[in-house]
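Visitor: Residue numbers (the working numbering): 96 to 524.
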RNA sequence: GCGGUAUUGGUGAAGUGGUUAACACAUCGGUUUGUGGAUCCGACACGCGUGGGUUCGAUUCCCACAUACCGCCCCA
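Dropping the structure here:
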């Protein structure tokens, strides 16, 4: 085997690609209902776009970015996530301008890149669907975004879901909490795991997220962000919860969810699914939150934002393990069997006439015998098989067989070419 | 970046330091030179991930590399 795909990438082959189409089509439909419009931004950006927004100490920036110098000596990064590029585009194209309805609601779907060790559902090039909404501080928007994420997952046939909710408050809340957390953890420094020792000063919130059992014990008694919220932040969070209640959306406030990226504040959430496909217990499938201040961070005006991202490779694993039925978008209406070299032209004409009429039609291209052609028709699941031989050629007819019932009729070929639908109605319904 | 397991045809796989690398499915052909889902017969690895080494001889032993999967880290 001479060439292999790069580590951590995947070929999505025919058959498999249909599942992706289903997911993408479903998402597009739903986003249209919520009035989110598609935005397509480059797959690579200046390094700074991500280092600025994700946080210099975040794992993404420090070790997972695919970055390189291009021939013009520009420091380029293949996007590791969707938000930063969208925010950059939002600013660069001045979508904050008065001529745009607020909030500006956009979605994207496409590949992201992270340089890390591949595992099931985790690749170096992976795909995400995400949404971003700019220009409203309203808790209703927080609630709507969460509701939409759930709605989307339900449309994908995933039901056993849990919403974990938390708030990081505004800058003031977060700074106060950060300080309190450090004060609490400092005396226990020696007991912390090595990783958490690292995190303590760089990003103490991440200690909360530690998987280390001992860390978790310590963290259990740590101060909680909820006790450090400013009145405004508290009010915002309360409102979000009330709104979710009013929609009948169940959630659990989990003060230990933090998110890997530095730009979040106020509401953050993770939607988790309970499936063995992604490991034991509940695993995060979709995550997002508010990022007021991110637009400014990238040089834009003071505009708030909120969004979520959804990993499609994981989603697919989940859907497959849940036994979700993917619709067959590739139904074959008719297969044309030509018998003998002389029928080649007539076969082509019939095939093209039916296709022009909107039918999905295939034929034999290998000069195979009738039996083999019928076998193909059967294998491909053709609803009808149309046979043309010397007899039909002479009579200007075509032989139509309904595969499921085995019913056969000989019909003038022009009728079939002009209106195959009518022929079906008349002879087979 | 660290640790573990694996890598045989289109697919699932068996197997051995030494003449022809099982078996099954799929595919193709024949049985039926104009008809599907059945039966029977036949064909189908210039070759056992790549590169080295050990050996009289390696797909089988050793080393390196690549990739996949699992765990850690982190996360989608």
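Don't be surprised by glycine CBs; every beta carbon is placed ideally from N, CA and C. As the structure is a computational prediction, the values presented were derived from the model and not from experiment.
1. Taking the alpha carbon of residue 164 as the point to measure from, which residue in 234, 295, 139, 178 has its own alpha carbon closest?
2. Quick one: give me the first and last residue of the alpha helix (DSSP H) that residue 414 is part of.
3. Would you give the residue range spanned by the beta strand (DSSP E) that residue 320 belongs to?
4. Could you tell me if residue 170 is buried or exposed, where buried requires 16 or more neighbouring beta carbons within 10 angstroms of its beta carbon?
5. Let me know the alpha helix (DSSP H) ranges lying completely inside the stretch 247 to 302, each 4 residues or longer, listed in chain order.
6. Between 204, 477, 234, 399, which lies nearest to residue 131 when the distance is taken from Cα to Cα?
7. So, at 7 Å on beta carbons, what are the nonlocal neighbours of residue 301 in its own chain, with the 5 sequence-adjacent residues on each side left out?
8. When the Cβ atoms of the stretch 435 to 452 are set against those of the stretch 391 to 411, are three or more pairs found closer than 8 Å?
9. Put residue 325 into one of helix, strand or coil per three-state DSSP.
10. Return the chain-ordered list of same chain residues with a C-beta closer than 8 Å to the C-beta of residue 161, the five sequence neighbours on each side being excluded.
11. Tell me the DSSP bridge mates of residue 481?
12. Anyone know if the C-beta pair for residue 199 and residue 393 falls short of 8 Å?
13. Would you say the stretch 423 to 442 touches the stretch 241 to 255, given that touching needs at least three Cβ pairs under 8 Å?
14. Write down the C-beta distance between residue 491 and residue 508 rounded to the nearest angstrom, noting that I regard them as a contact closer than 8 Å.
15. Counting only the same chain and skipping the five closest in sequence on each side, list residues whose C-beta sits under 7 Å from that of residue 105.
16. Return the residue from the list 483, 346, 453, 449 that minimises the CA-CA distance to residue 464.
17. Per DSSP, residue 173 is paired with what?
18. If you draw a straight line from the alpha carbon of residue 240 to that of residue 351, how long is it in whole angstroms?
19. Taking C-beta to C-beta, are residue 389 and residue 400 nearer than 8 Å?
20. Does DSSP put residue 465 in a helix, a strand or coil?
21. Tell me where the beta strand (DSSP E) around residue 508 begins and ends.
22. Looking at the strands, I want to know which residues DSSP matches up with residue 206.
23. Would residue 367 be called buried (16 or more neighbouring beta carbons within 10 Å of its own) or exposed?
24. Taking DSSP as the reference, what is the three-state secondary structure of residue 365?
25. Would you call residue 108 buried or exposed, if buried means 16 or more other Cβ atoms sit within 10 Å of its Cβ?
26. Of the choices 224, 309, 234, 134, whose alpha-carbon is the least far from that of residue 337?
27. Could you give the DSSP three-state label for residue 200: helix, strand or coil?
28. Below 7 Å CB to CB, which residues in the same chain sit around residue 147 once its five sequence neighbours on both sides are set aside?
Guide: The answer reads as follows:
1. 139
2. 407 to 416
3. Note, residue 320: premise wrong, no beta strand (DSSP E); not H, not E.
4. exposed
5. 266 to 280, 289 to 297
6. 204
7. 294, 353
8. no
9. coil
10. 172, 173, 175, 208, 209, 210, 219
11. 431, 495
12. no
13. no
14. 5 Å
15. 218
16. 483
17. 139, 161
18. 21 Å
19. yes
20. helix
21. Here residue 508 belongs to no beta strand (DSSP E); instead the alpha helix (DSSP H) covers 508 to 513.
22. 222
23. buried
24. strand
25. exposed
26. 234
27. strand
28. 392, 393
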